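Protein sequence lines correspond, in order, to chains A and B. For the first sequence, our numbering assigns the number 38 to the initial residue and increments by one for each residue that follows. For the second sequence, our numbering assigns the number 38 to the initial residue and increments by one for each residue that follows. Yeah, the Cβ is synthetic: ideal placement off N, Cα and C, and Gly gets one too. Everything numeric in this text was worked out from a predicted model, so none of it was measured. Taking it in order: structure first as structure tokens, then the write-up.
Protein chains: 2
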Amino acid sequence: MAEAGVPLEVLVAVSRSAPGTLARQVETQLRDAIRAGALRPGTRLPSTRGLAEQLGVSRRVTVEAYAQLGAEGYVELRQGAAPRVAATNPAGADPSPVTAAAPEPAARYDFRPSRPDVTTFPRAAWGRCLRDATRTIRTADLLYGDPCGVAEFRSAVADYLGRVRGTVATPQRVVGTGGYLQGLGLVCHAMAARGARTIALEDPCSSEEPRIAARAGLEVLRLPVDAEGARTDLLPTLAPDVVVLTPAHQHPLGVVLSPGRRRVLAQWLADSAAVLVEDDYDAEYRYDRPAVGAVQGISPERVVYAGTLSKVLAPGLRLGWLVVPGWLLDDVRTQKQLADQGSPRIEQLAFARFLEDGHLDRHLRAMRTLYRRRRDAVVAALAAEVPEAVVGGIAAGLHVTAALPSHHDERAIQAAARARGVALAVLGDYAPRAPFPPTLVLGYSRLADRAATRGVAEIAAAIRTSRR
Amino acid sequence: MAEAGVPLEVLVAVSRSAPGTLARQVETQLRDAIRAGALRPGTRLPSTRGLAEQLGVSRRVTVEAYAQLGAEGYVELRQGAAPRVAATNPAGADPSPVTAAAPEPAARYDFRPSRPDVTTFPRAAWGRCLRDATRTIRTADLLYGDPCGVAEFRSAVADYLGRVRGTVATPQRVVGTGGYLQGLGLVCHAMAARGARTIALEDPCSSEEPRIAARAGLEVLRLPVDAEGARTDLLPTLAPDVVVLTPAHQHPLGVVLSPGRRRVLAQWLADSAAVLVEDDYDAEYRYDRPAVGAVQGISPERVVYAGTLSKVLAPGLRLGWLVVPGWLLDDVRTQKQLADQGSPRIEQLAFARFLEDGHLDRHLRAMRTLYRRRRDAVVAALAAEVPEAVVGGIAAGLHVTAALPSHHDERAIQAAARARGVALAVLGDYAPRAPFPPTLVLGYSRLADRAATRGVAEIAAAIRTSRR
């Protein structure tokens, strides 16, 4: 509701030298705007008093105009309420409607991966941090400033990543982003502008990554993934200018890059001029083993580290970060300036406070316990209901993989599951080029224990009914 | 300050089968992390109790490790306070420091254009809207959702623009952006993907626009601007696939597109398959004449309307919008998905509430009065102190232009003004290709009356001293 006395404005102008009375001029312009669809059904209009004031005319003029439009059914006039454009009015509907984006379908059991459980999002703490940031943000930070971000944010992120991920970063090397994919795009454009021509992506990887790399003008090469993680031993042969890896938890296969493959990678980075983009998307979630530090901590001059709040808090925040080698920083800053002149600054400051106050550490500790329980439930249910599946990627992250014997058809299972109210991903969703066995990708983050058991039973039924 | 009892995490792992005592393992790993720069000076560390808990060891182990690191000067231990990495510690400084971005220089008189007065930013109202949005945002909106934005935001923006700018838009056609430049980039990429090859930009225009267009693969053509605004009469000859215009207030010359040029533009849009990007960056500020409606309202199927909060509230918010023709919407949605998967969703919801509660109308009304006074002061001071200047673009926006006789050197004046503590822009900052007289671009939004007078006196002195 508008607070009482707020004078709303509307695009109307009158002139004593124009044809027609002033009231008729107002009436005609409002009717035309409603007919054209500029003033949409339900839109609030200024009060007769407010409009008279805006136009510098007597109130009689606006009363007369509104009365006529009310009589014609264009405007709804009610005592004591703001006038509104009538919900159904003679102007009718949108002349060329567009179809809305398909809404995310509601599933009884939602196993789609890459989504945290946002029902536990700490709304009160985040709201407090936002309000405090709005109150205390420097005037200079409400203007444009460094596109890389607000000083407090960059400093807090550098400290946090050093502490929990073993990155080596001064605050100046941290660049705030609108999430991982934006960060990847910035690095692709920055490297392309420096003459890079090829990029190696893991096979499989997320379906957006090849498109983002191509949009920046890079040729996409594919790096196979096996049980030890990405085949970093092939990098010297492939010789890409940029390589994107998920060493802590391969996306989506879930394997951790083996110590041998890490050594090969570090050696190749030391020997070449290439840049590694380390996508550390869900490294904060590991359950059965100590965390493995980021590769960036070993090769800070050759690695762009990329992180995001999408898995640890909520994707809707659209906030992430890069840690960039010093020599590449100016190029990434330029690209960020061209992309959007910097990420929203109040939110950066709010996140710095959220970190400083320990809210993220506390939230992650609670979520790790919760997710481990949900993972255990899904793994146990798969063992009981789908014994033929080879379950992988269980040590970390928010999803497991279930590889099935080759006579299965993952797309048919996905469709059969959907018909049973189960949403899930399959490996085919991740742009694979190499042949893989039929594989389900099952996010468990939002399934409380019983839902996991019941959902897996539905998946088992879907597998049976879709058998060729 | 971290709240008491928040267990901070740190990347350390111990094993009873590894060499050395447990205390020695903890000590070595922390020392290595400090030496490598992962743990930076001043970083808070877990308490001895918290770390013991994280590692599953007795507290004696962590007490012993911290004591040793404290004795060596790596860690600061103080009774009752969280341990921290020592501010100056034996590890020394960043091995390869980067230079920070040049901070915006402080000027006594800041005439730089395109910046509103953010000291009047309604912090309390915005903070309340943010907190309310954080409390009430739907769980689904904390996940990914439509990259075009949150429903309430798109609906509120459609209503607002229709009411004050005369646009014709259903909510489905509104796309939330990270500001005007991101919106321009999205349209350039979307049109390029549909086969567009050329884009016409006003000459002069902002220096980023040609780079953004080129980054999307479009060839940049230039459209001259004269006293009637952009030379839309040249569009049939130039025949660009996309044209970018600032009809309400040319950026930076400040002229309004004349009625004749608007008619020519509308006719060309009707006859061609081209798209107009209408940059309506500061149309909410007009002082001496009724507002002119957006061109989009006349040609909604051929115009992408672009707006932003940067001038009406604060650039630091990084929130803007596009209104997109129905036939182009899916392409723009795809580009937004690849760019950053959507703008931050809590802020969109907060802005919807801010609009709905009438805060924007109220803020704009107050700012218009303030800015008109400041403009009058600058125009009066220019008439008195720099009578040879031809002052333009005064009817709208946040800046005026002052064209000087051709024997002046605008860059020399800019430098002389800077030496006198005055920051200002000149036409050369806007990538002009056509010849223009030496022209100062003077933003007045942040200069209270006396500052304007004094600042213009300094500018007059700078003009005198820099005369060739």
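- Distances from the alpha-carbon of V257(A) to those of E265(A), A264(A) and S244(A) put S244(A) closest.
- The Cβ-Cβ distance between F388(A) and L359(A) does not fall below 8 Å.
- The Cβ of I249(B) sits closer than 8 Å to at least one Cβ of chain A.
- Counted as a single uninterrupted DSSP element, the alpha helix (DSSP H) harbouring A162(B) occupies residues R160 to T173.
- Taking CB atoms only, S380(A) has a neighbour in chain B less than 8 Å away.
- Assigned with DSSP and collapsed to three states, T204(A) falls in coil, not helix or strand.
- About 7 Å separates the CB atoms of P337(A) and P362(A); that is less than 8 Å, so the two are in contact.
- The C-beta of A421(B) comes no closer than 8 Å to any C-beta of chain A.
- In the DSSP assignment, L179(B) falls within the unbroken alpha helix (DSSP H) covering T176 to L179.
- Only those residues of the segment 300-318 of chain A whose C-beta falls short of 9 Å from the nearest C-beta of chain B would be listed, and there are none.
- Under the 8 Å criterion on CB atoms, W358(A) is classed as non-interfacial with respect to chain B.
- For T125(A), the nearest beta carbon of chain B is not closer than 8 Å to its own beta carbon.
- At a cut-off of 8 Å between beta carbons, Y467(B) makes no contact with chain A.
- Bridge partners of E101(A) according to DSSP: none are assigned.
- Closer than 8 Å to the CB of Y181(A) there is at least one CB belonging to chain B.
- Following the DSSP letters along the chain, one finds A440(B) in no alpha helix (DSSP H) but inside the beta strand (DSSP E) bounded by residues H436 to A440.
- In the three-state DSSP reduction, Y322(A) falls in the coil class, being neither helix nor strand.
- C-alpha of L82(B) to C-alpha of A119(B): approximately 7 Å in a straight line.
- DSSP, reduced to helix, strand and coil, places D240(B) within a strand of the structure shown.
- Among the residues facing chain A, I383(B) is included, as its CB has a counterpart in that chain under 8 Å away.
- Residue pairing by DSSP puts Y342(A) in a beta bridge opposite E315(A) and V360(A).
- Taking C-alpha positions only, D196(A) is separated from L407(B) by approximately 43 Å.
- In this chain, P150(B) is not harboured by any alpha helix (DSSP H), its DSSP state being neither H nor E.
- The alpha-carbon of R300(B) is positioned some 52 Å away from that of F158(A).
- With its beta carbon at least 8 Å from every one in chain B, P474(A) lies outside the interface.
- Per the coordinates, the alpha-carbon of S482(A) lies some 10 Å from the alpha-carbon of A489(A).
- A direct Cα-to-Cα measurement between Y111(B) and T85(B) gives close to 15 Å.
- In the three-state DSSP reduction, G110(A) falls in the coil class, being neither helix nor strand.
- Unbroken alpha helix (DSSP H) runs of no fewer than 4 residues, entirely contained in the segment 434-491 of chain A, are found at 447-456, following chain order.
- The secondary-structure analysis by DSSP pairs R121(B) across a beta bridge with R81(B) and E113(B).
- C-alpha of A331(B) to C-alpha of T176(B): approximately 36 Å in a straight line.
- Residue contact with chain A for V155(B): present (Cβ-Cβ distance below 8 Å to some residue of chain A).
- Minimum Cα-Cα distance from G465(B) among the listed residues D446(B), A267(B) and H400(B) corresponds to D446(B).
- Per DSSP, the continuous alpha helix (DSSP H) segment holding V301(A) begins and ends at P296 to D308.
- In this model, P381(A) and L221(B) are separated by some 18 Å (Cα to Cα).
- Among the residues facing chain B, G164(A) is included, as its CB has a counterpart in that chain under 8 Å away.
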